[in-house]
Amino acid sequence: MFFNRFPNLGRLACTADQIWWDAEMLRSRMSDRLAQLDGKISANSIVLLGHGGTPEFVADLLAVWSCGAAAACINPALTGNEIDTLKRFVKPAAAILHADQDAQIFQANRQSTEAVTLDSPALLLFTSGTTGNPKGVTHSFRSLSARISLNQAYMGSAALQKTLCPLPTHFGHGLIGNVLTPLFAGGDVLLLSDRSPVSLSRLGALIDENAISFLSSVPTFWKMVQKLSLPPKNKTLKRVHVGSAPLSIDLWDAITKWAGTAEVFNMYGITETANWIGGTSLQEGRLLDGRIGSLWGGNAMIKQDDGNIQNTGTGEILIQCPSLMSGYYNQPDLTREVLKDGWFYTGDIGTIEEDGEIRLTGRSKSEINRAGMKILPEEIDLLLERHTEVVEVCVFGLPDAISGEKVAVACVLKDDSTITRNELIDWMKNLIRPEAIPETWFFIDEIPKTDRGKINRDNVREVCLKGIQ
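Residue numbers (numbering that gives the first Met the number 0): 0 to 468.
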């Protein structure tokens, strides 16, 4: 069984009831679910799991793996129509959509002649396409084992004693980084059930009450915490990770002060690499937006604009690491576009220095082409959010008849701010090249987020354009 590679299971609870499940309770629930599945589904089949964020979910995940099957973890908030789309695409052998529900068996007693190995599929994580073509990242038992082991080695056992997971568990950052890594290290994991502003206003107190030593989340989470919650008082936090989106120096520094520890790491990792593959703290190097240090067990190269692949320079970042995905489920053409000769073409734009230091500057897919000049919106996001009157921004491209694309920005100001568009433009003139200064400005009350707490520029663009129709 996969988790027998990590024999020291810790405890689990969620903040809704704070009832702690020890290893014995987890294994007992796992055995109950295994009795429903074992002998009814074949090895190497797929089981949909749609009830994340609870100890029951983790026990069910272990039960699926004990059958030699793969778990397709899906967002509990999906509609029936979206779930049906995933079912048609994945063709699961079974589904468990609610914690108190018996497993639904769709393909009972289907036989498989394939043996379960370390390279068998273990986990499917969907990054897009619940209404169109799903994009399911497939990880093997080998890639998960490698990632969890490397995480534990680089983080150390002291930080993983008691983890707060404020993220959903249907994607890698929450599931692999915040749950499986500490749980399989013998640490306690407390799942945050309520992520509302009222709940976040008590985050500092929650950390103190539970002696939390580690947590990881996304920059937008920390922007909310800075506004809503007093910092913890007891200095129990030993380590904090921030990832899944660009992190500015100013927010990085603010989190460090709030958390009361210098061990606040800007992390780099994507679903295709099964969570974190590198990170660094402010103490470990130069103060630069997007700096992530060196990789945790792997290699990086740069594909320059001319197509040459080099050890250093600026361009698209290519990754080799033990936790690379097997591919996109049932999409071989899409897989071949990003996995080439053992390298993963990330689509992230950045720089690798002579000493191996990596700095991220943006995503090639979000790049704005303004009359042939390439502009990375993440660069402008980080700059504008340094302004004292700005709470949050999202920069994106808009079609333009003359230049092809122009730079637009959705901007959230402080409640009492009276600053104008022209004043913000004047402030930017001394800090960034003229072509990168936004032409079109949308002042809105809130930047919309995905269920993962991330910003989708296409969604923001759509919201802004609807507002002017």
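Beta carbons are placed, not taken as given, at the ideal position from N, Cα and C, and that holds for glycine.
As the structure is a computational prediction, the values presented were derived from the model and not from experiment.
Identity of the residues DSSP links to H172 by a beta bridge: Here residue 172 refers to the residue found at position 173 of the sequence shown. In DSSP, H172 forms no bridge with anything.
Per-residue DSSP class, three states only, for S27: Counting from one through the sequence shown, the residue named residue 27 turns up at place 28. Helix.
Sequence-distant residues of its chain with Cβ nearer than 7 Å to W221 (five each side left out): Counted from its first residue, the sequence shown places residue 221 at position 222. So the qualifying residues of the chain are V241, L250, I254.
Span separating the alpha-carbon of G355 from that of D288: For the purposes of this step, residue 355 is taken as residue 356 along the sequence shown, with counting starting at 1. For the purposes of this step, residue 288 is taken as residue 289 along the sequence shown, with counting starting at 1. Roughly 17 Å between the two C-alpha positions.
Continuous alpha helix (DSSP H) assignments of at least 4 residues falling wholly in the stretch 320–400: 331–337, 376–383
Neighbourhood of L25 by C-beta, 8 Å cutoff - its chain only, sequence neighbours within 5 removed: Position 26 of the sequence shown, counted from the start, is the residue given in the question as residue 25. Closer than 8 Å at Cβ, skipping near neighbours: L8, L11, P54, V57, A58, L61.
Simplified DSSP assignment, three categories, for S192: On the sequence shown, position 193 is the one that residue 192 refers to. DSSP places S192 in coil when its eight states are reduced to three.
Distance, D305 Cα to V224 Cα: Numbered from its first residue, the sequence shown carries residue 224 at position 225. Numbered from its first residue, the sequence shown carries residue 305 at position 306. In a straight line, the C-alpha of V224 is about 43 Å away from that of D305.
Where the beta strand (DSSP E) containing E404 begins and where it ends: Translated into the one-based positions of the sequence shown, residue 404 becomes position 405. First-last of the beta strand (DSSP E) with E404: 403–412.
Nearest-angstrom Cβ-Cβ length linking T14 and L189, presumed shorter than 8 Å: Position 15 of the sequence shown holds residue 14. Position 190 of the sequence shown holds residue 189. Right, the Cβ-Cβ distance comes to about 6 Å (below 8 Å), so this counts as a contact.
First through last residue of the alpha helix (DSSP H) which encompasses G135: Counting from 1 along the sequence shown, the entry for residue 135 is found at position 136. Per DSSP, G135 lies in no alpha helix (DSSP H); the unbroken beta strand (DSSP E) holding it starts and ends at 134–139.
A94 - partner residues in DSSP beta bridges: Here residue 94 refers to the residue found at position 95 of the sequence shown. DSSP output for A94 lists L47, Q103 as bridge partner(s).
Start-to-end residues for the beta strand (DSSP E) that takes in G278: Position 279 of the sequence shown, counted from the first residue, corresponds to residue 278. G278 -> beta strand (DSSP E) spans 274–280.
Unbroken alpha helix (DSSP H) run spanning V469, endpoints: Any answer about residue 469 is impossible in this case: the structure gives the chain only from 0 up to 468.
Reference T387; option with closest CA among V394, G403, W426, R358: The residue you call residue 387 lines up with position 388 of the sequence shown. Minimum Cα distance to T387 is reached at W426.
Which of helix, strand or coil DSSP assigns to L117: By 1-based counting over the sequence shown, the position of residue 117 is 118. Reduced to three states, the DSSP call for L117 is coil.
Coil, strand or helix - Q151 by DSSP: Stepping through the sequence shown from its first residue, residue 151 is reached at position 152. Reduced to three states, the DSSP call for Q151 is helix.
Where N7 falls: helix, strand or coil (DSSP): The residue labelled residue 7 in the question sits at position 8 within the sequence shown. N7: coil per DSSP, three-state reduction.
Alpha carbon of L36 to alpha carbon of S119, nearest angstrom: What you label residue 36 is simply residue 37 of the sequence shown in a count that begins at 1. What you label residue 119 is simply residue 120 of the sequence shown in a count that begins at 1. L36 and S119 have their C-alpha atoms roughly 18 Å apart.
CA-to-CA distance, A114 to A408, given in whole angstroms: Along the sequence shown, read from residue 1 onward, the residue named residue 408 stands at position 409. Along the sequence shown, read from residue 1 onward, the residue named residue 114 stands at position 115. In the sequence on display, residue 408 carries Val and not Ala. Rounded to whole angstroms, V408 to A114 spans 52 Å at the Cα level.
Option in G346, D101, Q100 with minimal Cα separation from T313: One-based indexing of the sequence shown puts residue 313 at position 314. The shortest C-alpha separation from T313 is found at G346.
Cβ pair L174, L199 closer than 8 Å: Taking the first residue of the sequence shown as 1, we reach residue 174 at position 175. Taking the first residue of the sequence shown as 1, we reach residue 199 at position 200. It is not a contact, given that the beta carbons lie outside the stated cut-off.
I82, enclosing alpha helix (DSSP H) - first and last residue: As a working mapping, residue 82 is identified with position 83 in the sequence shown. Taken as a continuous stretch (DSSP letters only), the alpha helix (DSSP H) holding I82 covers 79–89.
Distance between beta carbons of G186 and G231, contact taken as under 8 Å: Against the sequence shown, residue 231 aligns to sequence position 232. Against the sequence shown, residue 186 aligns to sequence position 187. The sequence given here has Pro at residue 231, not Gly. Contact doesn't hold; Cβ gap of about 18 Å is too wide.
Residue environment, S195, which counts as buried when at least 16 other CB atoms sit within 10 Å: The residue labelled residue 195 in the question sits at position 196 within the sequence shown. Exposed, since its Cβ has fewer than 16 Cβ neighbours within 10 Å.
Residues that DSSP places opposite L166 in a beta bridge: Position 167 of the sequence shown holds residue 166. Paired residue(s): none; L166 is not in a bridge.
Assigned exposure category for D380 - 16 Cβ within 10 Å defines buried: Translated into positions along the sequence shown, residue 380 becomes position 381. So D380 ends up on the buried side.
Rounded straight-line distance, which links the Cα of L48 to that of C164: Taking the first residue of the sequence shown as position 1, residue 164 is located at position 165. Taking the first residue of the sequence shown as position 1, residue 48 is located at position 49. Each residue's Cα considered, the two are about 19 Å apart.
Short Cβ contact (8 Å threshold) for I318 with G297: Sequence index remark: in the sequence shown, residue 318 carries index 319 (1-based). Sequence index remark: in the sequence shown, residue 297 carries index 298 (1-based). It is a contact, given that the beta carbons lie within the stated cut-off.
Cβ-Cβ distance between W275 and N150 below 8 Å: Here the question's residue 275 lines up with position 276 in the sequence shown. Here the question's residue 150 lines up with position 151 in the sequence shown. In this structure, N150 lies closer than 8 Å to W275 by Cβ.
Sub-8 Å separation of A121 and Q106 beta-carbons: Numbered from its first residue, the sequence shown carries residue 121 at position 122. Numbered from its first residue, the sequence shown carries residue 106 at position 107. No, these two residues do not count as a Cβ contact at 8 Å.
Segment contact flag, the stretch 152–160 with the stretch 200–208, C-beta cutoff 8 Å, min 3 pairs: Inter-segment contact for the stretch 152–160 and the stretch 200–208 is absent: fewer than three beta-carbon pairs are separated by less than 8 Å.
E315 in three-state terms, based on DSSP: For this step, residue 315 is matched to residue 316 along the sequence shown. E315 falls in the strand class under three-state DSSP.
S416 versus Y328 - alpha carbon distance: Reading the sequence shown from its first residue, position 417 is the one you call residue 416. Reading the sequence shown from its first residue, position 329 is the one you call residue 328. Straight-line Cα distance between these residues: approximately 48 Å.
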